[in-house]
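Order-wise, the sequence lines are chains A and B.
Last residue of the first sequence: number 786 in my numbering, and the count goes up by one each step with no gaps.
Last residue of the second sequence: number 1905 in my numbering, and the count goes up by one each step with no gaps.
Everything below concerns the one structure shown next.
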Amino acid sequence: MRKLCGYDLNGWRDFGCRNWLVRPDGDEEEVSCSVSHGGICGVVVRVGDGQDTQFVGGAQAMLAPHGLGAGWGDIGKEENRLKIIDILSDADPKVEVLAKALTGLVPGSGFGVASIDDEPGSSELLQDRLLKALRKARISSPLLVWRPVLAALYAIETGAVDRPMKIGVLCHSAKGFALQTLQIRMEGIGSSGILAPERSRSGEVLESGWGYAPLLERAHEALRTSAMGGAPQSIAWAKASGRMILGLPTQAEMLRLDNGDWQMLVPPGSLPLDGLPPPDGLRQAFRNCDLLLFETLSEGVIRERLTTLLAPVFEKPVFALPPDAVAIGAMIGARRYSSQEPVYFDFLPQISTIIQSPEGPESYDLVDPGTTLRAGETFRSPKPAQFAIQAGQERFSIYIRKQTADRPRKVTIRIGAKLSKQTPVDAWVEQRPASGSAKIQLMSSDLAQQFQADWDSAEELPQTWEDLLASFEKPAPTIPSRLILPCGMNVWHDNARGDGLLKIVADQVTRAHVDWKALADKMAARPFGHYALSSDGEFPGEIDEATRTDVHRLIERAMAHVRQRLAGKIDDDNQSLRFLTWLFRLCPPEVTVWLLEAWDQQVRGHRLMTHGSHWKLAYQGLGRIVSKGSHEQQAIHTILRKRIDEWTWQRETAAMAFMLSRSDTAPRALSRKDVERIARRVILEFKDNIGSNYNRFQYAPFLLVGLLRWRLVEPFALVAGHDPTADGLMRAVEITLKDLNIPSRAKAKAKYGRILEQVVEELAGSGTNPDLLLDIASGGDDSDT
Amino acid sequence: MLHLARPWDGQGRSAFGVNDCLISEATGTPPRNVDHSVLMRSVLRGTQTHLLLHPYPRKGHGDRPPRYGFPVRPRAIKEQETPQETEARACLQRMNEVLARVQELGDALDDPLHVWSRLRAAWDRAENEENPRMAEIVRQAREIAPHLRDLDARIRRVLRRARERVSLDRVQEMDRASMLWLVRQPGRTVSERAGPSQRMLATVRRENFDTPENRVLHAYTRLASDIARKWMKEHPKAKASVRYRQVEAFAKRCNMLAEHLMDLDVRVADAGITPNYVLMQDPGYSRIYKAWLLLLKNELIIDQLWAWQAETWTDFCVLAIVLALHELDDAELIAQSPIVWRSEAILGRWFHQDRPIAVFWLKSLDRIVEVQARPEAPGMLLGFARAHVALRITDVRRVELPRRVAVWTPHALARIDLQQGVEQAHRRLQDIQQLSAAETLRHGLILTPAHGTAQVETREGPRTQVQAIALDASGVGLRLGLEAIRAFARSEIYRVNR
């Protein structure tokens, strides 16, 4: 025998139903259906004391004197008696109490189905606790099913619904009436076909004075009147009030007063129902239905009055179900569940999150719209939402909206360690109909870790989902433009101080001994902010072809000169090399190779770099001329191999600043870890200049703003408030700005104050000056003279 | 501490014998080094007094308090039994019947709305001795028999390695010992070493049934067969019942399977073995394992039940009183503390129940009757009466003083002399009348085991009255006893106070 249980735990009139009985001789007997009554306005009582305390529900609890007042001694204390309606509406219902309320109806075994109210705001926590309670009640295969669905199952079983159709179900509820429409589907073909209800939306509530709760208030009032002021505390627990609201005949009952005396309560025969208006709006709600099922726990006068009121409202037939229909329907559901037949089909409430698409933030539905699921089946998002966690984060947040909740929530998940790189995360939903909260799972294959977003502990947000989306619709953080130092004709033309570069080039190109110093000085000069060549190695447009050819000839000669020096054939100074480095990217890549080799020989010494200042040329020169991505990568990694506190502001800092600020490829050579190291160097540079006259501050802003160009790689990186590294940089800039406010730093403030203010804006991701690097270059001076 | 042979006795004694109820009265804190359970606490003449119950000794005698000459609980069934053993077996049967009646409450709780009517139906059934009592072995006879049939056809076997001398062409596997054996044999080749029989020591695999799960199965079949035989012996008049036949068939199947397992050289598992995977996961074996543990546990707790059977008797008497009141025509049960059934008895008690046990409202008389057992605040009168069960009858209109009816539930392994008991109890009630209290206690009821001879004795004085009822927990003794209790309840509750 497969044991089946059905529960209708509603707090007003609880029923249980099962398919077996224990005979008085102790043997078990299989029956088609045995209904147990849990009592009217059911309670759970606390019995025993100390460690032996436990809860008892069902008919035994109804008879218990626990919690009925001081007249019963210690057990009469109020806390020993819990109303089931209070337990079901509790924000945190206790599993143990619910389990005892269930086992008080029917001892659990095998397959069990319990009813839940189909009303908006039906608590997922309650569903979760009820499922746990069913398991605690030793039901190995529990299932929760909506009341209207159970009513429909009863109607199908009794033959009232015998073909596919659309039915309306009107459930008498605490507040009034719960309205639901169900589509009855035929599953299977021919003789194996079975009718099953399909639910496609949440039920609605129609508040009415006919609800159990308003009726109970009327009943209490009527009892108080009839008791003439005696034993008011006991009237609250009088059985008569429950019987009156359900239309059952009342009888005299004996109440115990606080002093231990007894008092007889003679209740009115029935509940006064004067002035109760008929429920309104029902015709519209059920206009497309073929049949209406009316489910109420009441009997007698109440049931008759309600049926009389409802009948003229509908043109279609109204089928009034018996009070225990839901419990019997639950057992029918358990039988279907045990034999793997469809119990019912349900829709899933939508769950959405916010993702960042190329078009901006957008709401992403984790549940396919229109998904209908068989009871007991688990849905899993077919296509997970994909997020990226920014590097450097120890936690991340996702935003979730549920169709069943008014407000979205923000779930914060701790990763447990700082991420070294941007990490993709997939989010999906696992959900079973009417089975408590959906599981929102997050999985990162890179982290090999799975997280669960807990809706209940998430922070509820005050704004609506649409407002939240709108708040995210802001542009991506700005990226400072690449620095291109401009070129102009001022250097090329003669001026009062001497000849221009045109004349010098024409003069030197034919000489046996070229004056490399004169050439290098002219190339490095920047009158009116313009070099002879741009930092991309371009000539001004006005330069004719002959001059260009001359320059190229000079470049070849300079190359030959350096080669001979490297070979040790001639002994000369570094002016030819200096000339080459001031050609910026016009300089042949071979020079970059020489300089990189020189960097590698810094410790043991290099033929050309015999003096400390020569290394400044080696580093800054390379920063100026490097044009190939592979060379940039090599240079960056060579610098990053050194400890950041060993960097020199004019060498490593300057070279790194030049590369990051003037190249689109250099930032791409950096990993997150590299960025963090460089950021620490930036902070060090800023810190070192605090209290000084800012003579050594020249390259720090370049390096910082150049570093922000890493947003080319990760568009949302290094934004203060979101990235801890950016927060550190922001702090450093703010401290420097504060330091610059000291009167003695007026000169430095004039030079860097405005720039640093704009750097702050860039760090915040909302830079207003795209040519910030150019402005830094204009204000500062990166010449090596 | 005053050791009392009967709760109403005025004189104490130095040691308990088989005819005595093992009750003591201790003033102040009860001594810790004495086996006891507290039946009732009361304040008598300003002194805290405890009414204590001592257990029956397991070995026939015991110290603290001194107890001598008690029967020992019979264990195995013997072909020839001494008169003492026969008497002990009769005691055990009586205890089992009382247990069965109390356990029927557990079954009745399956439908909490109709507990008392279901219990009534079960007890009605017990009045007919052709209906054997429910027991764990009966349940197992029904539920385990299919599993035994299934396992009989598929007893698990394993292939075990053994070392044997096998012919050369059959050698498949050799272990270290086989190789050592081989090198010690004379000869240059393997063939020479194999000797004239051409056999050598090698590892072979043999089918073996002596696995932990089969040992448990073997232990279970033996134990179940033994318990089934004991149960059948207790119900000689029920041979025609379906239940008896089921248990008989089950015992036979267990015997056959046990013999089969013995033929397969399967040993018997010791109690307390660690279950292996098969015992945990195989549906058939795990069911057998659980059933075996249950029977073992029952065998263990039966010692405790034997020792504390006087407590079980009290619960039985309380149930009988509640049933009698429940059957009164105009009585409505208005309050009853929930009965929490325990999976195993604690000090002879199978269920926990807060006070009050049951409160009835007699509508025609406007009286409230409360059944009290082991009351927390018994009051002075009950304390003096040493009755830990009582009825409290209150007039709702407060016209009469509340009155109590003392209920003594003396239990002894030998039959109590009812005539003598009723006289002595009546005398104690008369003594109590000199005390002044806010309630009255003039009537008493003695409920004691009948040992096969149901009897009712009454002693009536000018203001006081005591009735003694000897009843059994099954058969005619139960029927007559319940009728007497019903009659007493009717007379007592409808009595008009003088």
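In this text, a Cβ means the ideal position worked out from N, Cα and C, and glycines have one as well.
Are the CB atoms of A:L22 and A:V36 within a distance shorter than 8 Å? no
In chain order, what residues of the same chain lie with their CB nearer than 8 Å to the CB of B:Y1651, ignoring the 5 residues before and after it? P1539, M1639, H1642, A1645
Of all the residues that make up the stretch 119-135 of chain A, which are near chain B by a beta-carbon distance shorter than 7 Å? none
Spell out a yes or no on whether the stretch 527-535 of chain A and the stretch 473-492 of chain A are touching, meaning 3 or more CB-CB pairs, one atom from each, closer than 8 Å. yes
Quick check on the burial criterion: 16 or more other C-beta atoms within 10 angstroms. Buried or exposed for A:D87? exposed
Classify A:S693 as buried or exposed, calling it buried when 16 or more other Cβ atoms lie within 10 Å of its own Cβ. exposed
Can you find a C-beta in chain B that's less than 8 Å from the C-beta of A:M245? no
Return the CA-CA distance between B:Q1579 and B:R1591, expressed in angstroms with no decimal places. 20 Å
Cross-strand partners of B:W1530 (DSSP beta bridge): Paired residue(s): none; B:W1530 is not in a bridge.
Which residue wins for smallest C-alpha separation from A:E735, given the options A:S745, A:A721, A:K748? A:A721
Within the stretch 1821-1872 of chain B, ranges of the beta strand (DSSP E) (whole runs, at least 3 residues): 1847-1856, 1862-1867
From this set, A:K384, A:Q451, A:L171, which residue's C-alpha is nearest A:Q285's C-alpha? A:L171
Can you list, in chain order, the residues of its chain whose CB lies under 6 Å from that of B:A1698, leaving out five sequence neighbours each side? The residues are Q1547, I1551.
Within-8 Å CB hit, A:D15 to chain B: no
A:G59 to A:A237 span [Cα, whole Å]: 19 Å
Looking at C-alpha atoms only, which residue of B:L1878, B:V1623, B:Q1688 is the closest neighbour of B:C1661? B:V1623
At the 8 Å Cβ level, is B:M1687 part of the contact set with chain A, yes or no? no
For B:R1561, which option in B:R1452, B:P1690, B:K1485 has the closest C-alpha, if you only look at C-alpha atoms? B:P1690
Check B:W1415 in the structure and name its three-state DSSP category. coil
Determine the chain A residues that contact B:Q1743 at a beta-carbon separation under 9 Å, and present them in chain order. Contact of B:Q1743 with chain A by beta-carbon distance below 9 Å involves Q61, L64, A65, P66.
Inter-stretch contact (C-beta, 8 Å, three-pair minimum) for the stretch 361-373 of chain A and the stretch 318-335 of chain A: no
C-alpha distance - A:S784 paired with A:Y620, whole-angstrom precision: Unreliable placement is indicated for A:S784, whose pLDDT of 43 sits below 50; the coordinate value is still reported in the next sentence. Taking the straight line from one Cα to the other gives about 13 Å.
Helix, strand or coil: how does DSSP classify B:G1428 here? Note on residue identity: the sequence assigns Cys, not Gly, to residue 1428 of chain B. If DSSP states are grouped into helix, strand and coil, B:C1428 belongs with coil.
A:Q387 (DSSP reduced to helix, strand or coil): A:Q387: strand per DSSP, three-state reduction.
What residue from A:P215, A:W147, A:I329 has the CA that sits closest to A:E158's CA? Minimum Cα distance to A:E158 is reached at A:I329.
So which residues on chain A does B:N1538 lean against when the C-beta distance must stay under 8 Å? D26
Contacts that B:D1518 makes with chain A (C-beta to C-beta distance below 9 Å): L22, V23, S35, S37, A60
Contact list for A:E108 against chain B, beta-carbon separation under 7 Å: Before going on, a small fix: residue 108 of chain A reads as Pro here, not Glu. Neighbours of A:P108 on chain B, chain order: D1517.
Return the chain-ordered list of same chain residues with a C-beta closer than 6 Å to the C-beta of A:S382, the five sequence neighbours on each side being excluded. Contacts found: L367, W429, V430.
In this structure, does DSSP put A:W456 in helix, strand or coil? coil
For A:D782, the three-state DSSP class (helix, strand or coil): Residue confidence for A:D782 is low, a pLDDT of 47 falling below 50, so the modelled location carries little weight and cannot support an answer.
Pull the bridge partners of A:V48 from the DSSP assignment, please. DSSP lists A:Q55 as the beta-bridge partner residues of A:V48.
Using three-state DSSP, classify B:H1554 as helix, strand or coil. Residue state for B:H1554 is assigned as helix, using DSSP reduced to three classes.
Starting from B:D1617 and walking both ways along the beta strand (DSSP E), at which residues does that stretch end? Run containing B:D1617: none; DSSP gives neither H nor E here.
Going by CA-CA distance only, name the one from A:E79, A:G780, A:N770 that's closest to A:A749. A:G780
Hey, does A:W238 have any beta-carbon neighbour from chain B nearer than 8 Å? no
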